[in-house]
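Numbering of the sequence shown is given in the working numbering, commencing with residue 538 and proceeding in unit increments.
Cβ atoms here follow ideal geometry from the backbone N, Cα and C, with glycine treated the same way.
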Amino acid sequence: MSSITAPNKYTGQSAAARLRCLLDEEGKTIFCPGVYDGISARLALNTGFNCLYMTGAGTAASMLGMPDLGLATMNDMVQNASMIASLDRSVPVIADADTGYGGPGSVARTVKAYIAGGVAGMHLEDQVQTKRCGHLANKELVDDVYLSRVRAAVLAQEEMRRVTGGFADIVIIARTDSLQSLGYEVAVSRLRKAIAAGADVGFLGGMTTMDQCSRACKDLSPTPVLLNMVAGGITPDLSVEEANRLGYKIVIFPAVALGPVSEVVEAAMKDLKQNQRARVSQAQREGGVKQFFNLLGQQECMEFDKRAGGVAFADGA
């Protein structure tokens, strides 16, 4: 089995339809960098990734300056996911949707808002409303409420398909964080029930052994399974190729940008505090501020203005 490395473009299809096409590609694994704001998303797109993952922990950190403890609201998450999805409509975005942010009606509202924002896929989990990162300890769980969340998501998905002739859609990913407290068999059973309720993909969170990692795809077959590779997390460190050999269809790397950004920016802040002068690299001196803006699509914006008949950038910028 091999992994997907080149961008895919499916003209005329919804984001969810493009994601489903990627899932249907035999023997291939989608791997997504975790992004949490416009800069990280642009850098991932410029690198050529064909699918992105909006991390909930990163969203809470970047939008609220807070840890992943269930503090981000539906509006926070929808706003961020929609912005990221808007940057390149040809690249599907999978987004964290936590617990769905309430009862069945709230879950349905979340699903519809994500679809309206162009999000391709979303995952729902079985924690209580005051949830926490899946790689933290002592998570509290819900049981029947979890299945009602999945059913509500499926009903909202079906309604959106019906009213738009099948165009509006979203891939529903069922996540369980029950492995730590209830054990492997119960966790897999929860995912099977969620899949029976209509979930498209299974997500067994917080695996701690290679045995669990290798069994999950077999035990949930033929449903696609997502693997969560959190840097510094509790799951064995697997490459995309290794995950591919085990049968995973999606691998997400939520913290791929969070660690480097916090380390590099912290160092820059300390340097500024000590020296009272901003350190500028040779590349920054040569490229100037325009180089950074070009990473964010400045040239495309200027060209669009020209095509529309605008003159604001006739003499450049």
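Under the three-state reduction of DSSP, residue 785 is assigned to coil, being neither helix nor strand. When the alpha-carbon of residue 678 is set against those of 556, 717, 616, 641, the nearest one is in 717. A distance below 7 Å between beta-carbons, with the five flanking residues on each side excluded, links residue 604 to the following residues of its chain, in chain order: 597. For residue 716, the enclosing alpha helix (DSSP H) starts and ends at 716-719. For residue 552, the CB contacts under 6 Å within the same chain, skipping 5 residues up- and downstream, are 629, 655, 657 in chain order. In terms of Cβ geometry, residue 740 and residue 719 do not form a close pair [threshold 8 Å]. Contact between residue 735 and residue 707 does not hold, since their C-beta atoms are separated by about 12 Å, which reaches or exceeds 8 Å.
In the three-state scheme derived from DSSP, where H, G and I count as helix and E and B as strand, residue 567 is classed as strand.
Counting C-beta pairs closer than 8 Å gives fewer than three between the segment 585-595 and the segment 813-821, which falls short of the contact rule.
Annotation for residue 576: no beta strand (DSSP E) segment contains it, though the alpha helix (DSSP H) segment containing it runs 575-584. When only Cα atoms are considered, residue 554 and residue 691 end up about 16 Å apart.
The C-alpha of residue 683 is placed about 23 Å away from the C-alpha of residue 755.
In chain order, 663, 678, 723, 724, 727 place their CB closer than 7 Å to the CB of residue 715, counting only its own chain and leaving out the 5 sequence neighbours on each side. Residue burial is scored here from C-beta neighbours: residue 612 has fewer than 16 other C-beta atoms within 10 angstroms and is therefore classed as exposed. Look at residue 658 here: in three-state DSSP terms it is strand. Judged by beta-carbon spacing, residue 637 lies beyond the 8 Å limit of residue 608, meaning their Cβ atoms are not closer than that value. Counting the other Cβ atoms within 10 Å of the Cβ of residue 586 gives 16 or more, which makes it buried. For the set 796, 829, 624, the Cα lying nearest the Cα of residue 575 is the one of 624. In summary, residue 848 is exposed, with fewer than 16 beta-carbon neighbours lying within 10 Å of its beta-carbon over all protein chains present.
For residue 632, the enclosing beta strand (DSSP E) stretches over residues 630-633.
Cβ atoms of residue 787 and residue 738 come within 8 Å of each other, at about 7 Å. Comparing alpha-carbon positions, the option among 761, 775, 760 lying closest to residue 767 turns out to be 775. For residue 763, the enclosing beta strand (DSSP E) has its first and last residue at 762-765. Bounds of the alpha helix (DSSP H) holding residue 620 are 611-623.
A distance below 6 Å between beta-carbons, with the five flanking residues on each side excluded, links residue 652 to the following residues of its chain, in chain order: 697, 705, 707. In the DSSP annotation of this structure, the continuous segment of the alpha helix (DSSP H) that includes residue 652 starts and ends at 641-653. Secondary structure at residue 711: strand, using DSSP grouped into helix, strand and coil.
By the neighbour-count definition (other C-beta atoms within 10 Å, threshold 16), residue 743 is a buried residue. Here residue 583 is exposed: its Cβ has fewer than 16 other Cβ atoms, across all protein chains shown, within 10 Å. The beta carbons of residue 570 and residue 794 sit closer together than 8 Å.
Counting along the chain, no beta strand (DSSP E) covers residue 678, and no H or E run does either. The C-alpha of residue 802 lies about 17 Å from the C-alpha of residue 601. Collapsing the DSSP output to three states places residue 550 in coil.
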